[in-house]
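Chemist:
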Amino acid sequence: MTVHTEVTAERVLAAGARLAVEAARFTGIGWMRGTSGNISEVVSRDPLRLAVTASGLDKGELTATDVAVVGGRGEPVAVEGIVPSRPSAEAGLHARVAALTGADAVVHVHALNAVIAGHHWPAGVRLRDVETLKGIGRLAHDDEVTIPVIANSQDMDELGDRFEAARDPRTPAVIVAGHGLYAWGTDLKNARHVTECVEWLLAYALATT
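Count along the sequence shown from 1, add 543, and you get the number used in the numbering used here.
#1: Which class does residue 525 belong to by DSSP, given the choice of helix, strand or coil?
#2: When the Cα of residue 630 is compared with those of 613, 687, 713, 639, which residue comes out closest?
#3: How many Å lie between residue 709 and residue 691 at the Cα?
#4: Based on the DSSP output, what are the partners of residue 494 in its beta bridges?
#5: Quick check on residue 571: does DSSP put it in helix, strand or coil?
#6: I need the straight-line Cα distance from residue 718 to residue 742, nearest angstrom please.
#7: Please classify residue 727: does DSSP put it in a helix, a strand, or coil?
#8: Quick check: the Cα distance between residue 567 and residue 687, rounded to an integer number of angstroms?
#9: In terms of residues, what are the limits of the alpha helix (DSSP H) holding residue 670?
#10: Find the nearest neighbour of residue 733 within the set 582, 594, 588, judged by alpha-carbon distance.
#11: Can you give me the Cβ contacts of residue 720 inside the same chain, cut-off strictly under 6 Å, excluding the 5 residues immediately before and after it?
#12: Can you tell me the Cβ-Cβ gap for residue 738 and residue 652, rounded? I've got them flagged as a contact below 8 Å.
#13: In whole angstroms, what is the alpha-carbon distance linking residue 546 and residue 619?
#14: Do you know how far the Cα of residue 607 is from the Cα of residue 558?
#15: Look at the Cβ atom of residue 669, then the Cβ atom of residue 689, and state whether they are nearer than 8 Å.
#16: By Cβ distance, which residues of its chain are closer than 8 Å to residue 707, with the 5 residues on each side in sequence left out?
#17: Any idea if residue 677 is buried or exposed, counting beta-carbon neighbours within 10 angstroms, 16 or more meaning buried?
Following this line, the structure appears as structure tokens:
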């Protein structure tokens, strides 16, 4: 791996600390069961570099050092002063989302409502006239919103292509069928708020079907 000095250890560890806090929140409400789920934050745009929660760890017990740095295809990138951790294979989709949307934070959770909603509406989950839509940047009334649903794949290039084909630039979330939810935002707090609002909207859609 090539060492990139434009991303410092201090910056990566600061991101790792923020990611650990957010991951603990999601674990506490049952959206990151076992070692599932991952969160990322952009630490450099040119070249694109993301700090991603390390793979295979309990997301409720992360520390600032439980973080991996990846490039634009999710490949591990060495940073001087950072002990390498293994990123999830899904880091490739995080990078694709960040590159395509301009988001600075991406959240992936295994929220049950997302999986059930994707099963019920494989062509996408349609929503309108619900106040919580404002929480994802859409209008509360007279705004037809669809949360895209894409088929799952273990190939992140293929999954990224499906995401690119299905995404609505106005809607900061996508459901991966049989898997979970991806949501993104301008920073980690915004991405968390979007994730919470989308999950609530999916619960509403299922409850009113």
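Ideal placement from N, C-alpha and C gives every residue a C-beta, glycine not left out.
Modeler: According to the structure shown:
#1: The question about residue 525 has no answer, for the chain in this structure spans 544 to 752.
#2: The shortest C-alpha separation from residue 630 is found at 613.
#3: C-alpha separation (whole angstroms): 6 Å.
#4: For residue 494 there is no data in the structure shown, the boundaries of the chain being 544 and 752.
#5: The DSSP-derived three-state label of residue 571 is helix.
#6: Taking the straight line from one Cα to the other gives about 10 Å.
#7: Note: residue 727 maps to strand in three-state DSSP.
#8: Going from the Cα of residue 567 to the Cα of residue 687 covers about 33 Å.
#9: Premise fails: residue 670 lies in the beta strand (DSSP E), 668-670, not in any alpha helix (DSSP H).
#10: With distances taken between Cα atoms, residue 733 lies closest to 582.
#11: Exclusion of the five residues before and after residue 720 leaves 661, 692, 694, 695 as the residues of its chain whose Cβ lies within less than 6 Å of its Cβ.
#12: The pair is a contact, with the Cβ atoms about 6 Å apart (cut-off 8 Å).
#13: Annotation note: pLDDT 45 at residue 546 (below 50); position unreliable, coordinate value reported separately. Rounded to the nearest angstrom, the gap between the Cα atoms of residue 546 and residue 619 is 10 Å.
#14: Going from the Cα of residue 558 to the Cα of residue 607 covers about 7 Å.
#15: Cβ atoms of residue 669 and residue 689: closer than 8 Å.
#16: Closer than 8 Å at the Cβ level, and outside the excluded window around residue 707, lie 639, 643.
#17: Residue 677 comes out exposed.
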